[in-house]
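Heads up, the first sequence stops at 329 in the numbering used here, and the numbers go up one at a time, no gaps.
Note that CB positions come from ideal geometry on N, CA and C, so glycine has one too.
The structure appears right after this line, and notes come after that.
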Amino acid sequence: MFQNELLKWYENKARKLSFREKKDAYSIWISEIMAQQTRIEAMLKYYNRFIEQLPDMKALASCPDEKLNKLWQGLGYYSRAKNLKKCAIICMEKYDGKLPETKEELMKLPGIGPYTAGAIASIAYDQRVSAVDGNVIRVFSRLYGMEEEIDSRTKKNIEKLVQDSLPEKEFISDYNQALMELGALICIPKNPRCISCPVKENCVAYRKGIQGNLPVLKKKKERKVEEKQFYIYVYKNKIHLKKRENKGLLANLYGFDEERVPCVKEIELKEHTHIFSHIQWNMKGTMLFVEQKTDHFYSIDEIEEKYAIPSAFVPFYTQVKQIIERELV
DNA sequence: AAATCGGGGGG
DNA sequence: CCCCCAGATTT
Numbered sequence: 001m002f003q004n005e006l007l008k009w010y011e012n013k014a015r016k017l018s019f020r021e022k023k024d025a026y027s028i029w030i031s032e033i034m035a036q037q038t039r040i041e042a043m044l045k046y047y048n049r050f051i052e053q054l055p056d057m058k059a060l061a062s063c064p065d066e067k068l069n070k071l072w073q074g075l076g077y078y079s080r081a082k083n084l085k086k087c088a089i090i091c092m093e094k095y096d097g098k099l100p101e102t103k104e105e106l107m108k109l110p111g112i113g114p115y116t117a118g119a120i121a122s123i124a125y126d127q128r129v130s131a132v133d134g135n136v137i138r139v140f141s142r143l144y145g146m147e148e149e150i151d152s153r154t155k156k157n158i159e160k161l162v163q164d165s166l167p168e169k170e171f172i173s174d175y176n177q178a179l180m181e182l183g184a185l186i187c188i189p190k191n192p193r194c195i196s197c198p199v200k201e202n203c204v205a206y207r208k209g210i211q212g213n214l215p216v217l218k219k220k221k222e223r224k225v226e227e228k229q230f231y232i233y234v235y236k237n238k239i240h241l242k243k244r245e246n247k248g249l250l251a252n253l254y255g256f257d258e259e260r261v262p263c264v265k266e267i268e269l270k271e272h273t274h275i276f277s278h279i280q281w282n283m284k285g286t287m288l289f290v291e292q293k294t295d296h297f298y299s300i301d302e303i304e305e306k307y308a309i310p311s312a313f314v315p316f317y318t319q320v321k322q323i324i325e326r327e328l329v
């Protein structure tokens, strides 16, 4: 068995992460949602600011959507923030402002799937459940030498293997985290650092020398390429932002217009490419100096305080801001 | 089962 | 450039 070796390794080598300092379901929940499909180092600053601004369930449940989006700006997968608030409202109404304690109840809440439910239940409440993320799939597929392609069935197999491997109750939280930490630091996707691995003696893939080929993942289809032209209307020192529709890509965030309007002068901005998971935008931007201001023109200060602009638009925003600031000197 | 939904860091 | 990340939800 490898559990003891893994736990010992975790105790000595685990990263010190701010969101592991409190055993508090609310903050653990926030950190787990934020960490979905996101590297830990990338979400740490967002997490600290979020907890500072919205320290408890009540504060989150009553947080205006605009403020929530601003706190999430640049993190991606913005429906996570929307679901957080939805979930907080449900918890205020049905669970006395707390998160439920079982994996099963947690999974009924918006934005909480099998992994996150398992993580909250085991880490915050010491429940005897697995928390299988991408790291754990990689670690277990190697430990057990699973050469089949990972699909919903093989993932269920792994969840069962993890469930059956759980140590005694007081170590379950650390064990689940240790599996992920091993995946993040040692059992990495390419060129795993097996020399430093505390459980290599138990690893089928290592013994067979095929650890670099596992897990076998489905190949994803190639990205669709879209040509996009955006127009940035400017009047004096104010910029026009267009709120995006409330569904689909970058829902409810602020971007620029895609229709040209009459103007007294225009400047072509530097082009750039923005890559999403499934789409590539080849972006052209034109700054249009308009003669009169209509609705939704905002100053730089206003934009940076209140309006959430996703990363795809930031290069244009930065250029426009510089041009405006130059003209005002 | 496949598509959608962001963004960035590392090799 | 490619890979994939402490995934969930919708189609």
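Is it right to say residue i is buried, meaning 16 or more other beta carbons lie within 10 angstroms of its own, or is it exposed?
{"i": "residue 190", "result": "exposed"}
{"i": "residue 58", "result": "exposed"}
{"i": "residue 246", "result": "exposed"}
{"i": "residue 138", "result": "buried"}
{"i": "residue 102", "result": "exposed"}
{"i": "residue 195", "result": "exposed"}
{"i": "residue 213", "result": "exposed"}
{"i": "residue 320", "result": "buried"}
{"i": "residue 198", "result": "buried"}
{"i": "residue 42", "result": "exposed"}
{"i": "residue 64", "result": "exposed"}
{"i": "residue 1", "result": "exposed"}
{"i": "residue 209", "result": "exposed"}
Per DSSP, which residues does residue i bridge with? Please list them.
{"i": "residue 280", "result": "225 and 275"}
{"i": "residue 148", "result": "According to DSSP, which records beta bridges pairwise, residue 148 is partnered with nothing at all."}
{"i": "residue 240", "result": "297"}
{"i": "residue 288", "result": "233 and 266"}
{"i": "residue 257", "result": "231"}
{"i": "residue 216", "result": "149"}
What do you reckon, are the CB atoms on residue i and residue j nearer than 8 Å?
{"i": "residue 328", "j": "residue 175", "result": "no"}
{"i": "residue 224", "j": "residue 279", "result": "yes"}
{"i": "residue 38", "j": "residue 99", "result": "no"}
{"i": "residue 114", "j": "residue 83", "result": "no"}
{"i": "residue 314", "j": "residue 235", "result": "no"}
{"i": "residue 264", "j": "residue 233", "result": "no"}
{"i": "residue 46", "j": "residue 251", "result": "no"}
{"i": "residue 149", "j": "residue 218", "result": "yes"}
{"i": "residue 256", "j": "residue 230", "result": "yes"}
{"i": "residue 10", "j": "residue 271", "result": "no"}
{"i": "residue 80", "j": "residue 33", "result": "yes"}
{"i": "residue 25", "j": "residue 125", "result": "yes"}
{"i": "residue 3", "j": "residue 167", "result": "yes"}
{"i": "residue 158", "j": "residue 140", "result": "yes"}
Under 7 Å from any heavy atom of the ligand GDP, does the C-beta of residue i make it?
{"i": "residue 187", "result": "Looking at this structure, you won't find the ligand GDP or any other ligand, since it has none at all."}
With residue i and residue j assumed to form a contact (beta carbons below 8 Å), what rounded beta-carbon distance in angstroms separates them?
{"i": "residue 258", "j": "residue 287", "result": "Rounded, the Cβ-Cβ distance is 14 Å, inconsistent with contact."}
{"i": "residue 36", "j": "residue 142", "result": "In fact, because the Cβ distance is near 23 Å, the residues do not count as touching under 8 Å."}
{"i": "residue 183", "j": "residue 136", "result": "6 Å"}
{"i": "residue 249", "j": "residue 308", "result": "So it is not a contact: roughly 14 Å between Cβ atoms."}
{"i": "residue 294", "j": "residue 282", "result": "Residue 294 to residue 282, Cβ: 29 Å. No contact."}
{"i": "residue 237", "j": "residue 277", "result": "Rounded, the Cβ-Cβ distance is 36 Å, inconsistent with contact."}
Between the region 235-248 and the region 290-303, do three or more beta carbon pairs fall short of 8 Å?
yes
Three CB pairs or more closer than 8 Å across the region 83-103 and the region 51-67:
yes
At least three beta-carbon pairs within less than 8 Å, the region 159-166 to the region 122-134
Between the region 159-166 and the region 122-134 there are three or more C-beta pairs closer than 8 Å, enough to call the two in contact.
Using 8 Å as the threshold, is the region 15-27 in touch with the region 187-205, meaning 3 or more CB pairs across them?
Counting Cβ pairs under 8 Å, fewer than three are found: no touch.
Could you tell me whether the region 46-58 touches the region 71-84, where touching means 3 or more Cβ pairs closer than 8 Å?
A contact between stretches requires three or more CB pairs, one per stretch, nearer than 8 Å, and the region 46-58 meets this requirement with the region 71-84.
Below 8 Å, how does it come out for the region 113-123 and the region 176-187: are there three or more Cβ pairs, yes or no?
yes
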